[in-house]
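**Q** This structure is in structure tokens; I'll ask about it shortly.
There are 2 protein chains.
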Amino acid sequence: MTTGFDTYLRTGTNLNDADIEQIVLAAKPLSLQRGEALLQHGQICRHKTFIVNGLLRIYGFGADGSEHILYFAPENNWAVEPESYHQQSPSQFTIAAVERSEVLVWTKPDFDRLLQHIPELTVLSEQLINRSHINNRQRLFSTLSATAEEKYEDFVRSFPDLLPRLPLHMIAAYLGISLKTLTRIRHAQVRR
Amino acid sequence: MTTGFDTYLRTGTNLNDADIEQIVLAAKPLSLQRGEALLQHGQICRHKTFIVNGLLRIYGFGADGSEHILYFAPENNWAVEPESYHQQSPSQFTIAAVERSEVLVWTKPDFDRLLQHIPELTVLSEQLINRSHINNRQRLFSTLSATAEEKYEDFVRSFPDLLPRLPLHMIAAYLGISLKTLTRIRHAQVRR
DNA sequence: ATGAATTATGGTCAAATGACCATAATTTCG
DNA sequence: CGAAATTATGGTCATTTGACCATAATTCAT
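Chains as they are written, first to last, in the UniProt record's numbering: chain C, 1 to 192; chain F, 1 to 192.
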């Protein structure tokens with residue numbers, strides 16, 4: 001059941017079995033239907049989430065109502081809205097399932113308690129935020145500097161596994177280009 | 001001399017005077033001419049930097065050689081290239097002075113030593129990375145969702161103090177638009 | 001103060017992109 | 001399986017944006 005999470009912790013951290021058991025016990029498993037939201041924009045992000053299987057996305061709405069995707073979180077990843085979670089303030093972004101997904105959630109109080117009892121979990125948390133920070137910088141730079149075509153090629157290179165799981169309009173919303181442009185790029189590439 | 005840094009620490013943290021003295025003693029002051037680089041792209045980021053006064057920028061080069069700016073660091077801010085600093089790997093980005101600047105630098109070993117001795121400094125570091133993370137997400141979302149004009153207006157609203165200190169081509173390089181587009185936007189706004 | 005460098009603006013044209021619409025293909029789920 | 005929804009593609013046209021160039025204004029450093 002939570003097997004994926006167990007092995008994630010066992011292989012990716014220095015947590016011992018007792019710690020892992022504690023962490024797992026504090027989690028609540030949850031199933032999400034395709035399209036179902038875990039966090040609605042405007043709500044407060046009260047949980048930390050681990051995706052056991054499936055695929056979530058974090059997205060927000062532009063001034064004109066259009067969707068723009070900050071992040072795809074597939075299995076064996078975490079999903080939170082950091083600002084909302086950290087400050088317990090209304091979230092600007094929505095977290096929802098792209099595919100039917102199985103996740104584990106911890107309430108913030110529960111997770112904070114775990115962090116106090118298990119120093120190694122703090123180490124993991126910091127690793128995660130560091131990685132996320134570095135990834136965001138890379139992404140920001142790519143968004144600033146690359147052409148639409150380069151962005152798409154980067155995406156394909158970086159997330160070959162996600163490609164067949166995502167509708168093109170979501171990839172476009174992630175890259176910051178229109179669906180039309182994305183279709184054009186793919187068309188041009190086929191002809192080469 | 002390092003007064004700006006002292007008051008930054010005293011008013012922004014819970015560090016006590018002894019700690020502050022230790023931190024200041026480990027720092028090396030440095031002057032940078034306009035345009036002078038603190039870290040060249042390709043080099044390893046070996047220092048943590050605090051800007052006492054002046055203004056730095058962190059930028060990288062696109063595939064075509066064009067410059068794109070990730071971040072402006074004015075006085076009372078920190079500047080590092082996180083990935084390069086953390087892993088001591090070659091930096092993709094350059095840190096250079098926009099204005100003549102006075103900075104304080106700590107070598108990584110020295111700063112790590114301070115972190116071990118002064119828990120409160122770790123608290124500060126985590127705050128900084130959290131803030132930076134949240135800012136980057138916001139920026140990314142704005143870059144994805146906003147029009148060129150909205151981006152410029154956001155910038156003006158967010159950094160009114162930086163506006164008169166930056167040449168327009170740098171603001172354009174920060175916003176991810178061409179200088180021409182930025183000029184057009186400003187022209188249109190004047191006429192309203 | 002002054003010459004050199006940088007910066008800001010504008011014109012013109014081509015290219016890239018998006019909005020809107022229609023349609024076909026595919027997928028989803030009861 | 002079959003109907004409904006979603007997804008992918010393409011056409012057309014208007015708009016935005018960028019590249020390239022010239023010029024004026026401003027700022028910089030000695």
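Note that CB positions come from ideal geometry on N, CA and C, so glycine has one too.
Considering only their Cβ atoms, is the gap separating N76/F from Y8/F smaller than 7 Å?
**A** Yes, Cβ-Cβ distance for Y8/F and N76/F is below 7 Å.
**Q** For residue 261/C, is the classification buried or exposed, using 16 other Cβ atoms within 10 angstroms of its Cβ as the cut-off for buried?
**A** Since the first residue shown for chain C is 1 and the last is 192, residue 261/C is missing from the structure and cannot be characterised.
**Q** Tell me whether L163/F is buried or exposed, calling it buried when 16 or more other Cβ atoms sit within 10 Å of its Cβ.
**A** That one is exposed.
**Q** At least one CB of chain C closer than 7 Å to the CB of T143/F: is that the case?
**A** For T143/F, the answer is yes, since a Cβ of chain C falls inside 7 Å of its Cβ.
**Q** Can you grab the Cα-Cα spacing for the pair F50/F / L32/F, in whole Å?
**A** Near 13 Å, if we compare the C-alpha coordinates of L32/F and F50/F.
**Q** Using CA atoms only, rank isn't needed, just tell me which of P74/F, F61/F, T13/F is closest to F93/F.
**A** Minimum Cα distance to F93/F is reached at F61/F.
**Q** Checking contacts by CB at 7 Å: is H41/F closer than that to chain C?
**A** With 7 Å as the cut-off, H41/F does not count as an interface residue toward chain C.
**Q** Under 7 Å between C-beta atoms, does G176/F make it to chain C?
**A** Interface residue, yes.
**Q** Given a limit of 9 Å on CB to CB distance, which residues of the stretch 117 to 133 of chain C reach chain F?
**A** Those residues of the stretch 117 to 133 of chain C that come within reach of chain F (Cβ to Cβ, closer than 9 Å) are E126, I129, N130, S132, H133.
**Q** Can you tell me where the alpha helix (DSSP H) with residue 195/C in it begins and where it stops?
**A** One cannot answer for residue 195/C here, as it falls past the ends of chain C, which runs 1 to 192.
**Q** Based on Cα-Cα distance, which residue from A27/F, T147/F, L55/F lies nearest to S66/C?
**A** Of the candidates A27/F, T147/F, L55/F, the one whose C-alpha sits nearest the C-alpha of S66/C is T147/F.
**Q** For P145/C, name the three-state secondary structure that DSSP assigns.
**A** Pro is not the amino acid found at residue 145/C; the sequence shown has Ser there. Three-state result, S145/C: helix.
**Q** For chain C, is any of its Cβ atoms less than 7 Å away from the one on E149/F?
**A** Output row for E149/F: interface = no.
**Q** Just to confirm my understanding: we take L128/F, look at its own chain, exclude 5 residues before and 5 after, and list those with CB closer than 8 Å. What are they?
**A** Here the set comprises W78.
**Q** What are the residues that DSSP puts in a beta bridge with Y71/F?
**A** Per DSSP, I58/F.
**Q** Looking at chain F, is there any beta carbon in it that lies within less than 7 Å of the beta carbon of N136/C?
**A** By this cut-off, N136/C is an interface position.
**Q** How far does the beta strand (DSSP E) with H41/F in it reach, from first residue to last?
**A** Run containing H41/F: none; DSSP gives neither H nor E here.
**Q** On the DSSP letters alone, give me the boundaries of the beta strand (DSSP E) that D101/C sits inside.
**A** In the sequence under discussion, the amino acid at residue 101/C is Ser, which differs from the Asp named in the question. Counting along the chain, the beta strand (DSSP E) containing S101/C begins and ends at 101 to 107.
**Q** Do Y85/F and I69/F have their C-beta atoms within less than 7 Å of each other?
**A** Not in contact: Y85/F and I69/F (Cβ atoms no closer than 7 Å).
**Q** In chain F, what lies closer than 9 Å to P167/C by C-beta?
**A** What P167/C touches in chain F: nothing, since even the nearest Cβ is about 17 Å away.
**Q** For the beta strand (DSSP E) that A63/F lies in, which residues bound it at each end?
**A** Run containing A63/F: none; DSSP gives neither H nor E here.
**Q** Taking F50/C as part of the beta strand (DSSP E), name the residues at either end of that continuous run.
**A** Residues 47 to 53.
**Q** For the putative contact between L104/F and A27/F, defined by C-beta atoms under 8 Å, what is the C-beta separation to the nearest angstrom?
**A** Indeed, because the Cβ distance is near 4 Å, the residues count as touching under 8 Å.
**Q** Per DSSP, which one or two residues make a beta bridge with P29/F?
**A** DSSP, once it has assigned bridges, lists L104/F as partnering P29/F.
**Q** Would N136/F be called buried (16 or more neighbouring beta carbons within 10 Å of its own) or exposed?
**A** Buried, by the Cβ-count rule.
**Q** So, with DSSP's three-state summary, where would you put P160/F?
**A** It is coil, neither helix nor strand.
**Q** Tell me which residues share the same chain as K48/C and place their Cβ nearer than 6 Å to its Cβ, disregarding the 5 neighbours each side in the sequence.
**A** Contacts found: V80, W106, F111.
**Q** Classify G54/C: buried if its beta carbon has 16 or more other beta carbons within 10 angstroms, exposed otherwise.
**A** So G54/C ends up on the buried side.
**Q** Using C-beta distances below 7 Å, list every residue in its chain close to V156/F, excluding the 5 sequence neighbours before and after it, in chain order.
**A** Here the set comprises L163.
**Q** According to DSSP, is I118/C helix, strand or coil?
**A** I118/C falls in the coil class under three-state DSSP.
**Q** Quick check on DSSP: helix, strand or coil for L130/C?
**A** Rather than Leu, the amino acid found at residue 130/C in this sequence is Asn. N130/C: helix per DSSP, three-state reduction.
**Q** According to DSSP, is N77/F helix, strand or coil?
**A** In the structure shown, N77/F sits in a strand (DSSP, three-state: E or B).
**Q** Per DSSP, which one or two residues make a beta bridge with I95/C?
**A** Answer is L39/C, I58/C, bridged to I95/C.
**Q** Less than 7 Å between the beta carbons of A73/C and L56/C, yes or no?
**A** It is a contact, given that the beta carbons lie within the stated cut-off.
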